[in-house]
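Q: Numbering (my numbering), first residue to last: 391 to 935.
So this is what it looks like as structure tokens:
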């Protein structure tokens with residue numbers, strides 16, 4: 391433990407070690423030291439009074455993790471923790487050869503670490519025998535449920551002996567997690583090291599909100615990265631297609647970047663993470679697969695190219711920086727059309743942020759000049775090669791000294807990519823949106839697409855959600871008329887929706903969304919002649935008499 395600088399246990403480690411020999415339900419954020427915490431519990435169960443673990447033909451401990459990367463990280467952490475005991479630890483995850491898993495299990499492992507899908511596959515093939523399990527750990531249980539692994543988890547837990555200890559670790563404890571604990575744990579002790587502590591933001595993370603013009607998030611991102619110098623950064627995107635597109639754009643601009651997403655091969659994902667750890671790349675572009683559980687030290691900057699889905703996702707993403715006492719920056723890049731949605735997200739996450747503009751090309755140029763001057767000053771403090779000194783003397787003898795230095799500096803600056811040009815934006819508070827006519831607790835809006843444009847509710851709905859920064863739960867009835875479509879928005883989000891939707895989308899400048907004209911409620915509009923009304927659920931009500 392001392393070689394890893396573990397002198398004082400973290401709060402979660404202390405609470406877990408102090409707990410009785412019972413099932414535990416632990417609320418623990420990523421980066422809190424929980425892997426070592428449950429590793430010590432496993433060691434206590436498997437070792438007893440001995441210093442060496444007896445080898446057998448069946449696993450005695452099982453750790454279930456949501457992703458391949460987290461499973462591999464748990465295997466590494468437990469590997470060094472258990473090294474003096476001789477324990478054999480195997481990782482079993484998707485994306486690897488099943489024959490390799492079978493060989494590892496035949497050789498024998500004391501601790502099995504795996505993802506739910508692969509564990510179920512091995513159980514059904516009768517390759518993995520869990521009858522000897524004494525302790526089960528569910529790591530990041532809430533994410534496993536979010537990813538749809540509930541059925542797989544139940545299959546795994548039903549395959550282990552009833553007489554066992556079950557340790558459940560989860561960043562949050564929503565009702566589905568508590569239901570899972572109630573079904574598969576016995577009188578579990580709840581542990582929350584944060585209970586009773588004041589709710590404060592992470593003191594080692596500085597949060598920044600950048601507002602840019604629509605369509606200029608990439609340019610803003612490039613300038614922010616340029617000013618971050620050699621700081622390692624993770625950029626989060628919403629989809630794997632966004633990851634691939636952004637990764638290509640950054641590498642084309644000279645950034646050393648890697649990318650990971652759920653569709654990539656495991657070997658490729660592992661290489662990308664190792665490249666960032668070893669500083670062979672300085673930027674990792676990722677989906678939320680990199681938001682939880684991974685140990686990526688010294689990440690100084692987290693950038694949200696796409697806004698997180700919710701406050702919980704925001705917390706996990708931002709937790710990739712400011713780790714182990716290091717300082718970090720968590721930056722949001724938001725275009726004007728997404729400003730209202732971002733502000734709601736900040737409120738949900740209890741972040742009080744003021745808006746600022748991203749650095750422009752002039753700021754990048756000034757930064758480069760200052761950095762080059764500092765580099766030259768630092769170099770002058772050390773020895774200079776004789777050949778360089780001789781060349782300098784010859785230049786000064788034949789040319790003006792200031793002009794010669796200026797030419798060399800100009801050439802050095804040309805080697806650094808120029809900053810991107812940005813459209814100036816104002817960051818003052820937005821004007822409140824004029825309220826549209828209301829139908830009960832819904833507010834009526836319209837979009838200038840109708841039956842003549844082949845509009846249908848099933849594609850109008852995602853258009854409305856994306857433009858207005860709302861979810862499908864906020865959208866009520868959708869009525870398609872000949873030259874426009876009327877739709878209802880929940881009054882709770884109508885003001886923000888109106889402000890977001892009023893911003894023109896450069897990808898579809900002809901599509902206009904605004905308050906409905908005339909003030910008639912949506913249900914009073916008739917469908918155009920010869921075309922029945924359509925609901926967004928696809929049903930067709932009977933024609934009017």
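Note that the Cβ used here is the ideal one computed from N, Cα and C, for glycine as well.
All values reported here derive from a predicted model rather than from experimental measurement.
Specify the secondary structure class of residue 475 as computed by DSSP and reduced to three states.
A: Counted from its first residue, the chain shown places residue 475 at position 85. Here residue 475 sits in helix by DSSP.
Q: Quick one: is residue 424 buried, meaning 16 or more other Cβ sit within 10 Å of its Cβ, or exposed?
A: Here residue 424 corresponds to residue number 34 of the chain shown, with the count starting at 1. By the neighbour-count rule (16 or more Cβ atoms within 10 Å), residue 424 is buried.
Q: How would you call residue 440, buried or exposed, if buried means at least 16 neighbouring beta carbons within 10 angstroms?
A: Reading the chain shown from its first residue, position 50 is the one you call residue 440. Exposed.
Q: Check residue 774 in the structure and name its three-state DSSP category.
A: As a first step, residue 774 must be located in the chain shown, where it is residue number 384. Coil at residue 774, not helix or strand.
Q: By the DSSP assignment, the alpha helix (DSSP H) with residue 561 in it spans what residues?
A: Here the question's residue 561 lines up with position 171 in the chain shown. No alpha helix (DSSP H) contains residue 561, which DSSP labels as neither H nor E.
Q: How is residue 904 classed by DSSP in three states: helix, strand or coil?
A: As a working note, residue 904 is residue 514 in the chain shown. Correct three-state label for residue 904: strand.
Q: Taking contact to mean at least 3 C-beta pairs separated by less than 8 angstroms, is the segment 542-561 in contact with the segment 522-533?
A: Short answer: they touch.
Q: Would you check if the distance between the CB atom of residue 743 and the CB atom of residue 697 is smaller than 8 angstroms?
A: The residue given as residue 743 occupies position 353 in the chain shown. The residue given as residue 697 occupies position 307 in the chain shown. Contact: no.
Q: When DSSP builds the beta bridges, which residues end up paired with residue 878?
A: Counting from one through the chain shown, the residue named residue 878 turns up at place 488. Note: residue 878 sits in a beta bridge opposite 834.
Q: Quick one: what's residue 597 bridged to in DSSP?
A: Position 207 of the chain shown, counting from 1, holds the residue named residue 597. Paired residues: 720.
Q: Apart from the five residues on each side of it in sequence, which residues of its chain come closer than 7 angstroms, Cβ to Cβ, to residue 607?
A: In the chain shown, the residue the question calls residue 607 occupies position 217. Here the set comprises 695, 723 and 725.
Q: Taking 8 angstroms as the threshold (C-beta atoms), are residue 459 and residue 659 in contact?
A: Locating residue 659 in the chain shown gives position 269, counting from the first residue. Locating residue 459 in the chain shown gives position 69, counting from the first residue. Yes.
Q: Between the C-alpha atoms of residue 455 and residue 507, what's the straight-line distance to the nearest angstrom?
A: Sequence index remark: in the chain shown, residue 455 carries index 65 (1-based). Sequence index remark: in the chain shown, residue 507 carries index 117 (1-based). Spanning the two alpha carbons is a distance of roughly 10 angstroms.
Q: Could you tell me how far apart the beta carbons of residue 482 and residue 502 are, in whole angstroms, since I believe they sit closer than 8 angstroms?
A: In the chain shown, the residue the question calls residue 482 occupies position 92. In the chain shown, the residue the question calls residue 502 occupies position 112. Contact holds; Cβ gap of about 6 angstroms.
Q: Within a Cβ cutoff of 8 angstroms, which residues of the same chain sit near residue 874, ignoring the five residues on either side of it in sequence?
A: Within the chain shown, numbered from 1, the residue matching residue 874 stands at position 484. 836, 837, 838, 839 and 840, listed in sequence order.
Q: If we ignore side chains and look at the alpha-carbon of each, how far apart do residue 690 and residue 613 end up?
A: Taking the chain shown and counting its residues from 1, one reaches residue 690 at position 300. Taking the chain shown and counting its residues from 1, one reaches residue 613 at position 223. So the alpha carbons of these two residues sit roughly 16 angstroms apart.
Q: Going by C-alpha distance, which of 680, 906 and 641 is nearest residue 962?
A: Only positions 391 to 935 of the chain appear in the structure, and residue 962 is not among them; the question remains open.
Q: Under a three-way DSSP split, which group does residue 703 fall into?
A: Taking the first residue of the chain shown as position 1, residue 703 is located at position 313. Reduced to three states, the DSSP call for residue 703 is helix.
Q: Using C-beta distances below 8 angstroms, list every residue in its chain close to residue 812, excluding the 5 sequence neighbours before and after it, in chain order.
A: Locating residue 812 in the chain shown gives position 422, where the first residue counts as 1. So the list reads 602, 603, 606, 609, 610, 613, 747, 748, 750 and 751, once near-sequence residues are dropped.
Q: Where does residue 694 sit, in a helix, a strand or coil, going by DSSP?
A: Here the question's residue 694 lines up with position 304 in the chain shown. Residue state, collapsed to three classes: strand.
Q: Which residue or residues does DSSP assign as beta-bridge partners of residue 480?
A: Reading the chain shown from its first residue, position 90 is the one you call residue 480. Paired residues: 502.
Q: Between the C-alpha atoms of residue 546 and residue 756, what's the straight-line distance to the nearest angstrom?
A: For the purposes of this step, residue 546 is taken as residue 156 along the chain shown, with counting starting at 1. For the purposes of this step, residue 756 is taken as residue 366 along the chain shown, with counting starting at 1. Computed Cα separation, rounded: 58 angstroms.
Q: DSSP has residue 451 in a bridge; who is on the other side?
A: The count along the chain shown starts at 1 and reaches residue 451 at position 61. Answer is 501 and 525.
Q: Beta strand (DSSP E) containing residue 866: first to last residue?
A: Position 476 of the chain shown, counting from 1, holds the residue named residue 866. That run of the beta strand (DSSP E) goes 865-870.
Q: Measuring alpha carbon to alpha carbon, tell me which residue in 496, 472 and 534 is nearest residue 518.
A: Position 128 of the chain shown, counting from 1, holds the residue named residue 518. Looking at the Cα atoms, 496 is the closest of the given residues.
Q: With three or more beta-carbon pairs closer than 8 angstroms as the criterion, would you say the segment 775-794 touches the segment 615-633?
A: No, the segment 775-794 is not in contact with the segment 615-633.
Q: Do you know offhand how far residue 412's Cα is from residue 516's?
A: Taking the first residue of the chain shown as position 1, residue 412 is located at position 22. Taking the first residue of the chain shown as position 1, residue 516 is located at position 126. Going by the C-alpha atoms only, they are around 30 angstroms apart.
Q: Using 10 angstroms around the beta-carbon of residue 407, count the other beta-carbons present and answer buried if the total reaches 16, otherwise exposed.
A: Stepping through the chain shown from its first residue, residue 407 is reached at position 17. Result: exposed.
Q: Check for me: the beta strand (DSSP E) holding residue 539 runs from which residue to which?
A: For the purposes of this step, residue 539 is taken as the residue at position 149 of the chain shown. Where residue 539 is concerned, there is no enclosing beta strand (DSSP E), given that its DSSP letter is neither H nor E.
Q: So is residue 745 buried or exposed if we call it buried at 16+ other beta carbons inside 10 Å?
A: Taking the chain shown and counting its residues from 1, one reaches residue 745 at position 355. That one is buried.
Q: In chain order, which continuous runs of the beta strand (DSSP E) of length 3 or greater are located wholly inside the segment 772-817?
A: Fully enclosed beta strand (DSSP E) runs of 3 or longer: not present.
Q: Just curious, the beta strand (DSSP E) that residue 686 is in, first and last residue?
A: As a first step, residue 686 must be located in the chain shown, where it is residue number 296. Segment: none, residue 686 is in no beta strand (DSSP E) and carries neither H nor E.
Q: Can you tell me whether residue 591 is helix, strand or coil according to DSSP?
A: Taking the first residue of the chain shown as 1, we reach residue 591 at position 201. Here residue 591 scores only 45 on pLDDT, less than 50, and its place in the model should not be relied on; the value that follows carries that caveat. Three-state result, residue 591: coil.
Q: Going straight from the alpha carbon of residue 740 to that of residue 442, what length do you get?
A: Counted from its first residue, the chain shown places residue 740 at position 350. Counted from its first residue, the chain shown places residue 442 at position 52. If I take the Cα positions, the gap works out to 48 angstroms.
Q: Would residue 900 pass as a contact of residue 857 if the rule is Cβ separation under 8 angstroms?
A: Counting from 1 along the chain shown, the entry for residue 900 is found at position 510. Counting from 1 along the chain shown, the entry for residue 857 is found at position 467. Going by C-beta atoms, residue 900 is not nearer than 8 angstroms to residue 857.
Q: Let me confirm a value: residue 490 is counted as buried when at least 16 other C-beta atoms fall within 10 Å, else exposed. Which label applies?
A: For the purposes of this step, residue 490 is taken as the residue at position 100 of the chain shown. The residue is exposed, with fewer than 16 neighbouring Cβ atoms inside 10 Å.
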